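Working notes for the structure below.
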Amino acid sequence: MKVNWQDSLEETEALSTSVVCLPPLPTVKEIDWNRLVIWRINRYIRSVYATIVSHDGRAITIDGHRRVLLSGSIHYPRSTPEMWPDLIRKSKEGGLDAIETYVFWNAHEPTRRQYDFSGKLDLIRFLKTIQDEGLYGVLRIGPYACAEWNYGGFPVWLHNMPEMVFRTTNKAFMDEMQNFTTMIVDMVKKENLFASQGGPIILAQIENEYGNVMGPYGESGKAYIKWCANMAQSLDVGIPWIMCQQNDAPQPMLNTCNGFYCDNFVPNNPNTPKMWTENWTGWFKQWGGKNPHRTAEDVAFSVARFFQRGGTFNNYYMYHGGTNFDRTAGGPYITTSYDYDAPLDEYGNLNQPKYGHLKQLHDVLHSMERTLTYGNISTIDFGNSASATIYKTAEGSSCFFGNGNENSDATITFQGKTYVVPAWSVTILPDCKTEAYNTAKITTQTSMMVKKPNEAEDSPSTLKWSWRPENLDNFLLKGKGESTQSQLLIRKHTAHVLHAFVNGKYIGNQHAENGNFHYVFEKEVKFKSGRNVIALLSITVGLPATFKAPLGNDPVVVDLLGLGKGTAWINGNNIGRYWRHSFQAKMVVLQHVTIEGLIMLKNV
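Sequence positions in the sequence shown follow the numbering used here and run 9 to 612.
Written out as structure tokens, the structure reads:
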């Protein structure tokens, strides 16, 4: 389809004049001259520092320049504020240009009109940390998130509202969605965090993967997605809005792709660049399931193939997965760990060789930015899934040699020279002569995690456990035969709940009341002569223990593998569920403990 460049130019000019978000100028009758001076100063400052973000059919443009953008997802509630600077710094060192995050509605509004932006929910602090590191931000407001998050990010109270129907032209839902979305936008605007205000956020997302579920909604679904687009545009954020997995995204929404591979994705408008909002670096873990793994070679192949075929924006989902603290893990049976086999592991360590292999790829792609975004594109098909793509400008050329065959290497002859491209790989030649990178060839340094003793523990633990059988004599039960006399079993107990069994038969239970754990269990029973087996099942609902935090500022991991199934708190903070049924769940993360910690465990 031919692009009408005049219409595109007019649209770009319209965007350019609307990027500065300012309050309306007061009328003459209402003029407060002090306010007017402040208004003019703010207008000047924002006009100087504002970033103009737009797009054309090739790329996102920043201040008029087409960009190759590499982004990574880090969800702020899945790590701690103390971790954020290090995570974002490592992301930058890994070659990323931007950090992408969802906004989690049920975390911020657990009760209707009561909001929480404290601690790891401090969205503004997270966005400012991104800005401090000199990276861009991509804000996926949703407010439906999915993300393997509890209830997809929707508050439970939303479900309980009268006549509520989610994600359709339902007035109750649309009113609540607009209220939350507007509140988030206003918060971000107040801190001047949109690029149009000089901030880091260059893209915003409304809704999330609605195209995957909209079929049963029929015409109401189509009307709803148009309403979402209009509502988002009315918020006047001065940057482009995106919709992922939404082939019919109405203009000016940019439709984007999610998946393991998006090289065949085609945007729904010639003025929309080819964008990938979720390149899945791994997968989520399930209790009792296998540990998901996606090789560094395959992730690199997917990215290189995407850029070979015209892509210019790639976001890794996840770049750092983190931890499902509290009860935030969604279904089905998602573990506390949200490691996702990402380039930065659950605790913020480099996941090698994935981190290093992708870093090298990013360096090569950035070196080709102008050629990839402005060059003329031509392709040579060599058959058997082998091809060469050439990007050519007046300054020079860059080439991709792709081999989509999973089983055999490809031999490509180009400009009189022969190249061997391994199976299922892409070779990149920034000058179309010398191979700078191949997705199947890992040359990055790898590392091995080594267990280190906790140097803060200056004395051995005095905690002792006893679960061996104990012999109890009863003078009434000496000799042969069976006693007809009732016995009184008395047991002083300090656990929350006690279940008692005699010779395998359940005889009763007792539990603590009003915080008094020193109760006495009394029950009349009959014993047989000889050996009797008394089994007492003690249930501790909350088990407090203390430990000294290791020295230094590195993340700390608490190993709960020896316990059963339950939930753990550190200094009053819920760090999530544990369950020894799953190998992946044996490590529950506690980040940056700087004082002696109190751990509370709740068994279920």
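No residue lacks a Cβ here, since even glycine has one placed at the ideal position from N, Cα and C.
Computed from a predicted model, the values in this text were never measured in an experiment.
Cα-Cα separation, residue i to residue j
i	j	result
phenylalanine 314	asparagine 272	8 Å
lysine 128	asparagine 581	11 Å
threonine 379	asparagine 178	47 Å
tyrosine 232	valine 173	12 Å
tryptophan 165	asparagine 158	13 Å
proline 248	alanine 212	7 Å
cysteine 154	aspartate 194	23 Å
isoleucine 578	leucine 568	13 Å
phenylalanine 529	glutamate 521	13 Å
lysine 531	phenylalanine 555	39 Å
asparagine 357	alanine 304	16 Å
cysteine 407	serine 386	10 Å
isoleucine 107	leucine 95	10 Å
glycine 103	lysine 367	5 Å
arginine 317	aspartate 105	21 Å
asparagine 517	valine 564	39 Å
alanine 508	valine 533	11 Å
threonine 602	asparagine 561	Confidence in threonine 602 is poor, its pLDDT being 32 and thus under 50, which makes the residue's placement too unreliable to answer from.
glycine 339	arginine 121	26 Å
threonine 442	asparagine 277	35 Å
isoleucine 192	glutamate 101	29 Å
threonine 119	threonine 336	15 Å
glycine 404	threonine 190	47 Å
asparagine 279	glycine 223	26 Å
glutamate 184	proline 163	11 Å
glycine 297	lysine 573	16 Å
Residues of its chain near residue i, where Cβ-Cβ distance is below 7 Å and the 5 sequence neighbours each way are ignored
i	result
phenylalanine 188	Trp113, Glu117, Pro151
glycine 290	Pro300, His301, Arg302, Tyr348, Asp349, Ala350
glycine 330	His83, Arg86, Ser87, Tyr346, Glu354
serine 395	Thr387, Ile388, Asp389, Gly410
Cut-off 8 Å between Cβ atoms - residues of its own chain near residue i, not counting five sequence neighbours on either side
i	result
leucine 135	Gly145, Leu147, Val196, Glu199, Leu201, Gly207, Pro208, Ile209
proline 170	Ala180
Backbone secondary structure at residue i - three-state DSSP
i	result
serine 242	helix
glutamine 423	coil
threonine 88	coil
histidine 519	strand
tryptophan 288	strand
cysteine 270	coil
tryptophan 249	strand
leucine 544	strand
isoleucine 233	helix
leucine 135	helix
serine 537	coil
tyrosine 382	helix
tyrosine 123	coil
proline 147	Sequence check: residue 147 is leucine here, not proline. It is a strand residue.
arginine 476	Model confidence at arginine 476 stands at a pLDDT of 46, short of 50, so the residue's coordinates are unreliable and nothing is read from them.
asparagine 220	helix
Contact check, residue i vs residue j, beta carbons under 7 Å
i	j	result
asparagine 238	threonine 285	no
phenylalanine 268	tryptophan 288	yes
threonine 419	valine 428	yes
serine 99	tyrosine 399	no
tyrosine 225	threonine 264	no
threonine 401	tyrosine 382	yes
threonine 447	alanine 312	yes
phenylalanine 321	leucine 77	yes
valine 111	isoleucine 82	no
isoleucine 214	cysteine 236	yes
valine 510	isoleucine 547	no
valine 505	histidine 526	no
serine 375	proline 438	yes
proline 258	lysine 282	no
threonine 452	histidine 365	yes
threonine 59	alanine 203	yes
arginine 75	arginine 66	no
Close beta carbons around residue i, own chain, < 6 Å, minus the five adjacent residues each side
i	result
asparagine 332	Thr344, Tyr346, Gly584
glycine 219	Gln253, Gln254, Asn255
valine 372	Ile436, Ala444, Tyr445
leucine 33	Low per-residue confidence applies at leucine 33: pLDDT is 44, beneath 50, and the placement is therefore not dependable enough to give any value.
glutamate 240	Residue 240 is actually alanine in this sequence, not glutamate. Taken in chain order, the residues that qualify are Ile214, Trp249.
lysine 37	With a pLDDT of 49 at lysine 37, under the threshold of 50, the modelled position of that residue is not reliable, and no figure is offered here.
isoleucine 450	Pro361, His365
Min CB distance residue i to chain D below 7 Å
i	result
proline 163	This model lacks chain D altogether; it includes just one protein chain.
Any non-hydrogen atom of the ligand GDP within 6 Å of residue i CB
i	result
isoleucine 583	Among the components of this structure there are no ligands whatsoever, and the ligand GDP is therefore not found.
Legend entry - Ranges of the alpha helix (DSSP H) found wholly within the segment 154 to 196, counting only runs of at least 4: 164 to 167
Legend entry - Continuous alpha helix (DSSP H) assignments of at least 4 residues falling wholly in the segment 291 to 371: 304 to 316
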